[in-house]
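Numbering (my numbering), first residue to last: 40 to 631.
Quick reminder that beta carbons are idealized off the backbone N, C-alpha and C, glycines included.
Treat the numbers as computed from the prediction; the structure is a model and nothing was measured.
See below for the structure under consideration.
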Amino acid sequence: MAKLATGKLPQPIEEGLGRRLWVKSRKEWTQALYTPFIVCLASGNLELDAFRHYIAQDVHFLRAFVKAYEMAEECADDDDAKVGIRKLRKSILEELKMHDSFVQEWDIDVAKENVPNAATDKYADFLLATASGNIEGVKAPGKLATPFEKKILAAYTLGAMTPCMRLYAFLGEEVQALLDPSESPHPYQKWISNYSSEAFKAVTLQTEVLLEKLSVSLTGEELDIIEKLYHQAMKLEIEFFLAQPLAQKTVVPLLTEHNPAEDRLILFSDFDLTCTVIDSSAILAEITIISAPKSYQNLSENQLTQMSSADLRSLWEELSKLYTEEYEHCIEGILLSDKAEQFNVEGLRKVLEQLSEFEKRATLRVIYSWVLKGLNVKDIKQAGETLLFQDGCTNFFQSLTRNEKLNTNVHVLSYCWCADLIRSAFSSGGLDIINVHANEFVYEESSSTGGVVMRVASPIDKVAAFTNILQNCDKDKKTLTIYIGDSVGDLLCLLEADVGIVIGSSSSLRRVESHFGVSFVPLFPGVVKKQKQYARNGSPSWKGLSGVLYTVSTWAEIHAFVLGCFESSCCSSDEDTSSVSLYSSVKSRHFA
40 MAKLATGKLP
50 QPIEEGLGRR
60 LWVKSRKEWT
70 QALYTPFIVC
80 LASGNLELDA
90 FRHYIAQDVH
100 FLRAFVKAYE
110 MAEECADDDD
120 AKVGIRKLRK
130 SILEELKMHD
140 SFVQEWDIDV
150 AKENVPNAAT
160 DKYADFLLAT
170 ASGNIEGVKA
180 PGKLATPFEK
190 KILAAYTLGA
200 MTPCMRLYAF
210 LGEEVQALLD
220 PSESPHPYQK
230 WISNYSSEAF
240 KAVTLQTEVL
250 LEKLSVSLTG
260 EELDIIEKLY
270 HQAMKLEIEF
280 FLAQPLAQKT
290 VVPLLTEHNP
300 AEDRLILFSD
310 FDLTCTVIDS
320 SAILAEITII
330 SAPKSYQNLS
340 ENQLTQMSSA
350 DLRSLWEELS
360 KLYTEEYEHC
370 IEGILLSDKA
380 EQFNVEGLRK
390 VLEQLSEFEK
400 RATLRVIYSW
410 VLKGLNVKDI
420 KQAGETLLFQ
430 DGCTNFFQSL
440 TRNEKLNTNV
450 HVLSYCWCAD
460 LIRSAFSSGG
470 LDIINVHANE
480 FVYEESSSTG
490 GVVMRVASPI
500 DKVAAFTNIL
510 QNCDKDKKTL
520 TIYIGDSVGD
530 LLCLLEADVG
540 IVIGSSSSLR
550 RVESHFGVSF
560 VPLFPGVVKK
570 QKQYARNGSP
580 SWKGLSGVLY
590 TVSTWAEIHA
600 FVLGCFESSC
610 CSSDEDTSSV
620 SLYSSVKSRH
630 FA
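Now the structure itself:
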């Protein structure tokens, strides 16, 4: 599994149902990490009143957790399972004792905070409804006659409780990794130490092991119910964190204070391997090979100039190999220059001019080889419509461009030889609004001539397009720029933007950035540092040419950082409950 915020993997867990569900919930646990409450807590400047309110709400929730464990224990069908559940319930009672110490240490008036908020109530009701058997597709509680039927209900209950444990272990570890021993003690160190402790991780693992044991004999349909319960619980966790009232200003979501009448976001993105899983050149190569004649036999007179599919494949392989070898040689040449002791953008610009010359020569080599001749525009557009995007990429752009509360322009800057391929790819996702800046095929009627109009063919072309777009936009609004890219060709644009985000792990990019004093910072630690600056200076100060770029491994992180949980994204309660319908409301209190 790919690395996340701190550059480390989440705490490893045993193979099995718990791990599979955790991996599938990546979007949700990423969203939880970037909630304003967790970011403020990690930074150490979470206001005490907010923490007091959180603890009081968590006490209400943990009481429901204890009750759900009691109900699950009653349903377990063997002594080992009952003992295991009893131990887990005891660990939650210990957690409540820790909360009692918070109440005393921070003078929390539990009586004042006696009423749980809507998010706490909703989460607690979900757990108790699940433990009671109020789940779609499951017999009514009074009709669970056999021990096996009751065991299934115990498994469902554990499925709804396990994500809370794993999420808190993950959050505790992520926050603990950011603590600096040279700084003053973290005000919420006790909370961090508890959830990052080996003891808590052990309890989390025990929960997952017990879930595995209770689920081992379940049918595929029953396992699907557990998966739905697990994901619903994760979403309710996010709602719980988002419901914590914060009076202070936060750096997340990035567009929190965006006022469309006064502000403008201009978001730039690379295309190949930033947005897509496969490079567009490989797609275009495959179209040419598939559409080429199989041999020279039975060709009409106007087809005699075409190569066979076998010859085309060989030529493409030769062109690809030559590009790779020369690219590596060019990067090695760049690294022979004197290494900068500090951020040196001018030195970087000069060496990227060398890379630009190489990229243009490589494109001309493709043009003069005539391998791009004879592609039908209809085939190109169909290929674009089926192009596979990185997970979460399309959803991010849809959420960004369709939000009427945002004043946003999106521009894609790409070396791709055929802008029609890019336009078709985005259009298939309803994203015609995205502005595409790329090279263009030359057509005769509906067939490509093999020629390419070179508009964006190098790093220098990219940054020139970036600068031109900014210069031509109206100056009547405050503009924030974001650039998302994955390669050396994006480096100048990434640095020019107010927020440069590197997705993926290009080795050549990291070698070049290190050589010229560019700092790569995992996004979550970077956000926490900005939150500290916000508390001190009243401004997070996102500015270009700082020499700092932020790294992510998924679009889920970008979405969480820029947009948070918007209506159409991760945790729309109306959408989730209507589409899943997992539980019915339990308003009668199960605990004192």
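Can you tell me whether residue i is helix, strand or coil according to DSSP?
{"i": "Y73", "result": "coil"}
{"i": "K582", "result": "coil"}
{"i": "P561", "result": "strand"}
{"i": "K288", "result": "coil"}
{"i": "E483", "result": "strand"}
{"i": "Q336", "result": "At Q336 the pLDDT is 44, less than 50, meaning the model places this residue with poor confidence; the figure from the coordinates comes in the next sentence. Here Q336 sits in coil by DSSP."}
{"i": "E296", "result": "coil"}
{"i": "T447", "result": "strand"}
{"i": "V541", "result": "strand"}
{"i": "L452", "result": "strand"}
{"i": "G413", "result": "strand"}
{"i": "I147", "result": "coil"}
{"i": "F428", "result": "strand"}
{"i": "D164", "result": "helix"}
{"i": "I317", "result": "coil"}
{"i": "G55", "result": "coil"}
Just how far apart, CA to CA, sit residue i and residue j?
{"i": "S408", "j": "S395", "result": "20 Å"}
{"i": "K12", "j": "P186", "result": "The structure shown does not extend to residue 12, since the chain is modelled only from 40 to 631, so the question has no answer here."}
{"i": "I461", "j": "Q437", "result": "16 Å"}
{"i": "I370", "j": "V551", "result": "8 Å"}
{"i": "V527", "j": "S319", "result": "17 Å"}
{"i": "L167", "j": "I174", "result": "11 Å"}
{"i": "F428", "j": "K66", "result": "16 Å"}
{"i": "L249", "j": "D97", "result": "24 Å"}
{"i": "N383", "j": "R549", "result": "15 Å"}
{"i": "N434", "j": "D118", "result": "47 Å"}
{"i": "E301", "j": "L293", "result": "16 Å"}
{"i": "D418", "j": "K501", "result": "27 Å"}
{"i": "I373", "j": "H554", "result": "9 Å"}
{"i": "N576", "j": "L602", "result": "23 Å"}
{"i": "I305", "j": "S466", "result": "20 Å"}
{"i": "Q271", "j": "E278", "result": "11 Å"}
{"i": "L285", "j": "N511", "result": "38 Å"}
{"i": "G57", "j": "A599", "result": "24 Å"}
{"i": "S64", "j": "L253", "result": "21 Å"}
{"i": "L206", "j": "V566", "result": "19 Å"}
{"i": "H368", "j": "N474", "result": "33 Å"}
{"i": "N84", "j": "P220", "result": "17 Å"}
Spell out whether any CB of chain D is found under 8 Å from the CB atom of residue i.
{"i": "F397", "result": "In the structure shown, chain D does not exist; there is a single protein chain."}
Which whole-angstrom value is the C-beta distance of residue i and residue j, which I expect to be below 8 Å?
{"i": "T74", "j": "F239", "result": "The pair is not a contact, with the Cβ atoms about 20 Å apart (cut-off 8 Å)."}
{"i": "V491", "j": "I597", "result": "Between I597 and V491 the Cβ distance is about 31 Å, and since that is not below 8 Å, they are no contact."}
{"i": "A103", "j": "I124", "result": "Not confirmed; about 15 Å, so no contact."}
{"i": "L584", "j": "L534", "result": "6 Å"}
{"i": "H297", "j": "L135", "result": "So it is not a contact: roughly 40 Å between Cβ atoms."}
Tell me which residue opens and which closes the beta strand (DSSP E) that residue i is part of.
{"i": "S486", "result": "486 to 492"}
{"i": "S476", "result": "First, the amino acid is wrong: residue 476 is His here, not Ser. Looking at the DSSP string, the run of the beta strand (DSSP E) that includes H476 is 474 to 476."}
{"i": "Y522", "result": "517 to 524"}
{"i": "Y589", "result": "587 to 591"}
{"i": "S308", "result": "302 to 308"}
By Cβ distance below 7 Å, which residues in the same chain neighbour residue i in space, the five residues on each side in sequence not counted?
{"i": "M137", "result": "N233"}
{"i": "E261", "result": "I191"}
{"i": "K412", "result": "S487, T488, G489"}
Among residues of its own chain, excluding the 5 on either side of residue i, which ones have a beta-carbon nearer than 6 Å to its beta-carbon?
{"i": "S33", "result": "No statement about residue 33 is possible, as the shown extent of the chain runs from 40 to 631 and does not include it."}
{"i": "A282", "result": "N156, A158"}
{"i": "T590", "result": "V541, F559, P561"}
{"i": "G55", "result": "E251"}
{"i": "A163", "result": "F100, A103"}
{"i": "R59", "result": "none"}
{"i": "I322", "result": "A422"}
{"i": "I472", "result": "T440"}
Tell me which residues share the same chain as residue i and place their Cβ nearer than 8 Å to its Cβ, disregarding the 5 neighbours each side in the sequence.
{"i": "I94", "result": "H138, F141, V142, W145, I147"}
{"i": "A107", "result": "L166, L167, T169, A170, T196, A199, M200"}
{"i": "V316", "result": "L427, F428, Q429"}
{"i": "E479", "result": "C457, A458, D459, V491, V492, R494"}
Starting from residue i, trace the alpha helix (DSSP H) both ways and give me its first and last residue.
{"i": "G123", "result": "118 to 144"}
{"i": "L354", "result": "348 to 373"}
{"i": "L274", "result": "Residue identity differs from the one stated: residue 274 is Lys in this sequence, not Leu. Where K274 is concerned, the enclosing alpha helix (DSSP H) stretches over 259 to 281."}
{"i": "D459", "result": "458 to 466"}
{"i": "A401", "result": "384 to 408"}
{"i": "K598", "result": "Residue 598 is actually His in this sequence, not Lys. Looking at the DSSP string, the run of the alpha helix (DSSP H) that includes H598 is 594 to 601."}
{"i": "Y227", "result": "Taken as a continuous stretch (DSSP letters only), Y227 belongs to no alpha helix (DSSP H), as it is neither H nor E."}
{"i": "C203", "result": "186 to 215"}
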